[in-house]
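In this note's numbering, the protein residues as written are -1 to 391. Just so it is clear, CB atoms sit at the ideal spot from N, CA and C, and this is done for glycine as well.
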């Protein structure tokens, strides 16, 4: 069990904040990687060496400012209590080698690049509840309609200007993949050319495991697969390192799983149009940490939190649009992801440089028909979506 860190409101306002200028025009970085394992990482590290160095520097400055002590001491403490390497080597050995390649190619210490890829796990270590604002939706195919999954990916604002789309070239054993990330990180979310994709939400309230498989590696394991049974079995049996919600699209089917250290529970609101939606609180998984019992999904807790919680208010904004339309298309999804129904708790978060994080990127994955990956660099109300397709076979 991770040690709970009590955080004052002042500290909350300083988390994830290093002074930086707001980019006047964001440019999505795009790169294509070939090969497997270490080769992928080495290319990634060499191609984005400068950007990775900048990200590591800003991340450490951010950590130093938050903990009020040298980041190296904090990272040492975090690394000592973690046992993620064994799970990574067991479940995704090629990805362990990829991280090693990123470190080698970028000239950064392996420990630093590995911890950079333990994004959610470091958040769990910090145990800061209020700065996680990702918003996701899933739309299955009904009677031949188009299937989508989509997400506003909200993370630390020092990552602004580093929005990156990686294309992994297909091999005999791997489908072509499109992956949202930032330099040095193996994945935030993504999809493959067979119509398999995944989007995620941190659920800090759920129990975690210091020996489980970290989120970024779960994401890459999912989008590397083309077999439905394999995917559903994997997500329900792997030992999860962090409390996380996974909306997984498999061609026309969409599944939503809330995963914790001790259980994985499917969320299915049973809407007529089959839609699902999620933000950053548990809806069906009761495996909560002892200090977050107020968030255990009971009717009493829901009624107490519904009017004031950021996560509940954003969920309401998504639900209104997903349930209120019998047939969902990408325009309705865009409207949901751009929404600011409650100005203080919006689905779409501007980089206000106020310590509250921001919408790093927005993605809409079309999983049936003409497959494509629509993406914005930054909040979707500040730019149009760019459509990216897979290469011809």
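Using the beta-carbon count (16 or more within 10 Å), is residue i buried or exposed?
{"i": "residue 23", "result": "exposed"}
{"i": "residue 95", "result": "buried"}
{"i": "residue 302", "result": "exposed"}
{"i": "residue 322", "result": "exposed"}
{"i": "residue 298", "result": "exposed"}
{"i": "residue 48", "result": "exposed"}
{"i": "residue 202", "result": "buried"}
{"i": "residue 91", "result": "exposed"}
{"i": "residue 101", "result": "buried"}
{"i": "residue 254", "result": "buried"}
{"i": "residue 273", "result": "buried"}
What residues in its chain sit with their C-beta under 7 Å from that of residue i, if we drop five residues either side in the sequence?
{"i": "residue 69", "result": "58, 61 and 62"}
{"i": "residue 93", "result": "86, 184, 215 and 218"}
{"i": "residue 97", "result": "39, 111, 112, 115 and 184"}
{"i": "residue 261", "result": "283 and 285"}
{"i": "residue 348", "result": "356 and 377"}
Between which residues of its own chain and residue i is the CB-CB distance below 6 Å, once the five residues before and five after are set aside?
{"i": "residue 431", "result": "No statement about residue 431 is possible, as the shown extent of the chain runs from -1 to 391 and does not include it."}
{"i": "residue 309", "result": "277, 278 and 279"}
{"i": "residue 19", "result": "Low confidence applies to residue 19: its pLDDT is 41, below 50, so where it sits in the model is not reliable, and the reading given next is rough at best. The answer is none, since no qualifying residue turns up."}
{"i": "residue 212", "result": "82, 116, 119 and 239"}
{"i": "residue 328", "result": "362"}
Is residue i helix, strand or coil by DSSP?
{"i": "residue 345", "result": "coil"}
{"i": "residue 296", "result": "coil"}
{"i": "residue 80", "result": "coil"}
{"i": "residue 395", "result": "This structure does not reach residue 395, given that the chain is present from -1 up to 391, and the question cannot be answered."}
{"i": "residue 211", "result": "strand"}
{"i": "residue 276", "result": "strand"}
{"i": "residue 246", "result": "strand"}
{"i": "residue 182", "result": "coil"}
{"i": "residue 199", "result": "strand"}
{"i": "residue 136", "result": "strand"}
{"i": "residue 168", "result": "coil"}
{"i": "residue 188", "result": "strand"}
{"i": "residue 62", "result": "helix"}
{"i": "residue 156", "result": "helix"}
{"i": "residue 259", "result": "coil"}
{"i": "residue 334", "result": "helix"}
{"i": "residue 238", "result": "strand"}
Among the options, which one has its Cα closest to the Cα of residue i?
{"i": "residue 187", "options": "207, 133 and 323", "result": "133"}
{"i": "residue 215", "options": "295, 379 and 240", "result": "240"}
{"i": "residue 153", "options": "166, 198, 168 and 171", "result": "198"}
{"i": "residue 361", "options": "352, 319, 375 and 368", "result": "375"}
{"i": "residue 392", "options": "320, 338 and 339", "result": "The structure shown does not extend to residue 392, since the chain is modelled only from -1 through 391, so no value can be given for it."}
{"i": "residue 122", "options": "147, 141, 200 and 102", "result": "200"}
{"i": "residue 243", "options": "46, 236 and 257", "result": "257"}
{"i": "residue 26", "options": "149, 163, 136 and 32", "result": "163"}
{"i": "residue 148", "options": "381, 390, 370 and 389", "result": "370"}
{"i": "residue 264", "options": "282, 161 and 273", "result": "282"}
{"i": "residue 140", "options": "326, 37 and 245", "result": "326"}
{"i": "residue 52", "options": "136, 138 and 160", "result": "160"}
{"i": "residue 367", "options": "66, 138, 71 and 102", "result": "138"}
{"i": "residue 391", "options": "168, 315 and 226", "result": "168"}
Quick one: what's got a C-beta closer than 8 Å to residue i's C-beta in the same chain, skipping five residues either side?
{"i": "residue 224", "result": "173, 190, 192 and 194"}
{"i": "residue 338", "result": "344, 345, 346 and 379"}
{"i": "residue 99", "result": "35, 36, 37, 38, 39, 40, 41, 42 and 43"}
{"i": "residue 229", "result": "194, 220, 223, 246 and 248"}
Are the stretch 161 to 179 and the stretch 108 to 115 touching by the rule of at least three beta carbon pairs closer than 8 Å?
-> Remark: fewer than three beta-carbon pairs, one from each stretch, lie closer than 8 Å, so the stretch 161 to 179 and the stretch 108 to 115 are not flagged as touching.
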